[in-house]
Amino acid sequence: MDATLPMIWVFKYFPQVKQFLLSVPEWTAAYLKPGTVGILEQRRQMGAQIDGLLNDPSRLDNLDHETIYHHFLRPQPENQRMPPLSRNWLLDEGLYLRFAGSDTVGNVCTVGAYHILTNPIVHSRLVEELCCAWPEINSPIGFEVLEKLPFLTAVIKESLRMAHGVVTPLPRVVGPGDTDVGGVIIPVGVSFIKRPTAV
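Heads up: the sequence shown begins at 3 in my numbering, then just goes up one per residue.
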């Protein structure tokens with residue numbers, strides 16, 4: 003995944019490069035731009051998963067946990083903002099969520115772990131709170147218990163505050179109606195970019 007991330011910027015700002023590299027045989031794309039190998043592998047893996055679900059939607063019933071595909075592939079009330087479902091749309095959404103859920107969470111965890119380990123007071127207090135709430139480490143503990151621990155919650159919130167999160171503007175297309183962004187009315191269909199810190 004780390005090798006794939008630099009190509010996301012190229013694909014975002016030069017969509018013609020993305021279109022070209024994804025339309026030629028994989029060996030050609032890998033030869034022309036070795037950084038595409040990761041993206042191509044991710045697309046291949048997730049594409050096979052999507053193909054299986056599109057061919058047999060009942061496979062959703064056999065999964066261990068709920069996925070985004072449960073929401074996309076199951077009948078839902080009319081949603082004007084939902085584009086027509088296609089393999090490519092499902093693939094793009096799946097890849098966006100995979101990357102968004104890994105890089106940003108990884109950054110938060112890294113920043114949090116660094117600050118916990120470099121601050122002995124925070125470290126000892128967190129360990130003490132966790133040991134009191136979870137005395138037998140080999141037995142499972144529920145999320146419901148962990149979310150009620152005040153110091154753990156504070157550490158998580160502070161880690162989220164300290165980590166940089168998303169570092170790119172977030173493009174949005176207005177719809178299904180006009181919208182107000184910071185006091186400015188933006189009409190339907192207009193694409194605009196907003197700084198992550200303004201969200």
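Note that beta-carbon positions come from the ideal geometry of N, C-alpha and C, so glycine has one too.
Between residue i and residue j, which are expected to be in contact by the criterion C-beta below 8 Å, what is the C-beta distance as a whole number of angstroms?
| i | j | result |
| --- | --- | --- |
| residue 176 | residue 186 | That belief does not hold up - the Cβ atoms of residue 176 and residue 186 are roughly 11 Å apart, past 8 Å. |
| residue 2 | residue 35 | Outside the modelled stretch of the chain, which goes from 3 to 201, sits residue 2, for which no answer is possible. |
| residue 180 | residue 189 | 5 Å |
| residue 19 | residue 26 | Actually they are not in contact, since the Cβ atoms of residue 19 and residue 26 sit about 11 Å apart, beyond 8 Å. |
What is the DSSP secondary structure of residue i, reduced to helix, strand or coil?
| i | result |
| --- | --- |
| residue 46 | helix |
| residue 22 | helix |
| residue 53 | helix |
| residue 174 | strand |
| residue 105 | helix |
| residue 210 | Because the chain spans 3 through 201 in this model, residue 210 falls outside it and cannot be assessed. |
| residue 94 | helix |
| residue 16 | coil |
| residue 63 | helix |
| residue 69 | coil |
| residue 110 | helix |
| residue 190 | coil |
Apart from the five residues just before and just after residue i, which ones in its own chain have a Cβ nearer than 6 Å to its Cβ?
| i | result |
| --- | --- |
| residue 55 | 61 and 71 |
| residue 42 | 28 |
| residue 133 | none |
Of all the CB atoms in chain C, is at least one closer than 8 Å to the CB of residue i?
| i | result |
| --- | --- |
| residue 159 | In the displayed structure, chain C is absent; only one protein chain is listed. |
Which residues in the same chain as residue i place their Cβ atom closer than 8 Å to its Cβ, once the five residues preceding and following it in sequence are excluded?
| i | result |
| --- | --- |
| residue 124 | 117, 118 and 157 |
| residue 74 | 87, 92 and 95 |
| residue 52 | 71, 89, 92, 93 and 96 |
Leaving out five residues before and five after residue i in sequence, what residues of the same chain have Cβ atoms less than 7 Å from its Cβ?
| i | result |
| --- | --- |
| residue 108 | none |
| residue 144 | none |
| residue 38 | 9, 23, 31 and 32 |
| residue 59 | 75 |
Please find out if some non-hydrogen atom of the ligand GDP comes closer than 7 Å to the beta-carbon of residue i.
| i | result |
| --- | --- |
| residue 174 | As for the ligand GDP, it is missing from this structure, which has no ligand bound. |
| message | For the pair the stretch 59-73 and the stretch 91-109, tell me if three or more CB-CB distances fall below 8 Å. | response | yes
| Those runs of the alpha helix (DSSP H) which lie wholly inside the stretch 114-158 and span at least 4 residues | 122-135 and 145-148
| message | Count Cβ pairs between the stretch 147-156 and the stretch 118-131 that sit closer than 8 Å; are there 3 or more? | response | yes
| task | Could you tell me whether the stretch 45-53 touches the stretch 95-104, using the rule of 3 or more Cβ pairs below 8 Å? | result | yes
| field | the stretch 158-168 / the stretch 111-121 touching (three or more Cβ pairs under 8 Å) | value | yes
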